[in-house]
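One structure is given here, and the rest of the page talks about it.
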Amino acid sequence: MKLYLASGVIALLSLSVDVLAQYPAKPIRIINPFASGGGGEVSTRLVAQKISENTGKTFVVEVKSGAGGRIGYEAGAKAPGDGYTLTITDPTYTIMPGLYGGFPWGNDHELEPVTILTQTRFVIVVKPNLKVTSLKDLIALAKANPAKLNFGSSGVGSVTHLTAELFKREAGINITHIPYKGMGDAITGMLDDSLDLLMIGILTGAPHIASGKMIPLAVAANRRSSALPNVPSTVEAGLPKFTAGNWFGWSAAKGTSKESVDWLHREVVKVLAMPDIREKISQQGSEPSGITPEEFSTMMRADMKRWAEVIRAAGIKPQ
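Going by my numbering, 271 is the number at position 263 of the sequence shown; the sequence numbering is gapless.
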């Protein structure tokens, strides 16, 4: 009997090893919680296609947009934890607990961090008619005219809104928020002279900066961006605590095995090390990441805490 049990255990272990060695044995679905064509999807398709070329494995991107990302995030969080459903994750996910007092679908279904693919910093831009050319000048103008200047965002509780609220706090200024239905509308507001300033992703703002329709004052980072080498960082400009940006990563459903998460992370890191991929990411005004699942988890916890403090201090309520 003992020999039979031992043989059974060995057989099960062998089977487990075989299953893990085959992962992924079927296509991996990647849920995009936002409209198609955004930065998260662009980065995901770039990396997933290269992983497919390297390994022969299949990835399928599925758009589940709506409700500010909540529909897609909930679908990803409630998916089976078998390693075959990933969710494109960005700062919106880390904002939700502070905005809703927890995840709208329940805290029993948190996502399992895999890694960040790419990250990009926000740049503070103003309209030309404001006639300021430095962050110092903008802050001085805002302090001399409390609540007179305005800023746009892609909606109440969005990362562009909270980034601007963080800027207000660090700069000690009072500027008025004008929420839009999306970043495209906010950009239009800036271009038609309705807005004084915006927090905008470097890639998104690049063509308008090049045309002179937006004046860049500072990149919200501790160092300059290679995409805007002549624009100082906020640290250089005198706001060392104001750093913020967008990032796009992959997360899995809770319960996904460490082996599956490690396989995904390992393949992403291989792709992000390729010169042609790094060049494409740089052309997008972004930087490759590839941090470990543990580092990603730590970063998300820190972001959740920071955004919850901003939300509480600014009295922001979900809409």
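Idealized CB from N, CA, C, for every residue including glycine. Remember, it's a predicted structure, so these values are computed and weren't measured experimentally.
Buried or exposed for asparagine 238, going by 16 or more other Cβ atoms inside 10 Å? With fewer than 16 Cβ atoms within 10 Å of its Cβ, asparagine 238 is classed as exposed.
Using DSSP bridges, identify the partner residues of proline 224. Val133
From lysine 135 to lysine 86, what does the alpha carbon distance come to, in whole angstroms? For lysine 135 and lysine 86, the distance between alpha carbons rounds to 43 Å.
Integer Cβ distance of tyrosine 101 from leucine 125, believed to fall under 8 Å: With a Cβ gap of about 14 Å, tyrosine 101 and leucine 125 do not count as contacting.
Based on Cα-Cα distance, which residue from Glu49, Ser60, Lys72 lies nearest to proline 41? Lys72
With DSSP collapsed to three states, give me the class of tryptophan 271. helix
In terms of alpha-carbon separation, which member of Ile195, Asp145, Ala150 lies closest to serine 161? Ile195
For valine 25, the three-state DSSP class (helix, strand or coil): Reliability fails at valine 25, whose pLDDT of 44 lies under 50, so the model's placement of it is uncertain and no value is given.
Under 6 Å Cβ to Cβ from alanine 322, same chain only, skipping five residues before and after it: list those, please. Glu173
Contacting residues, own chain, Cβ-Cβ under 6 Å from leucine 342 (five flanking each side not counted): Because the chain here runs from 9 to 327, residue 342 falls outside it and cannot be looked at.
Put isoleucine 36 into one of helix, strand or coil per three-state DSSP. strand
CA-to-CA distance, isoleucine 103 to threonine 168, given in whole angstroms: Whole-angstrom Cα-Cα distance: 11 Å.
Check whether the region 104-117 and the region 281-297 are in contact - that is, three or more C-beta pairs closer than 8 Å. no
For a test of the three-state rule: what should DSSP assign to leucine 236, helix, strand or coil? strand
Using the rule of at least 16 other Cβ atoms within 10 Å of the residue's Cβ for burial, across every protein chain shown, is lysine 313 buried or exposed? exposed
Between glycine 91 and the rest of its own chain, which residues show a CB-CB distance below 7 Å, the 5 nearest in sequence each way excluded? Correct list, in chain order: Tyr31, Pro32, Ala260, Thr264, Ser265, Ser268.
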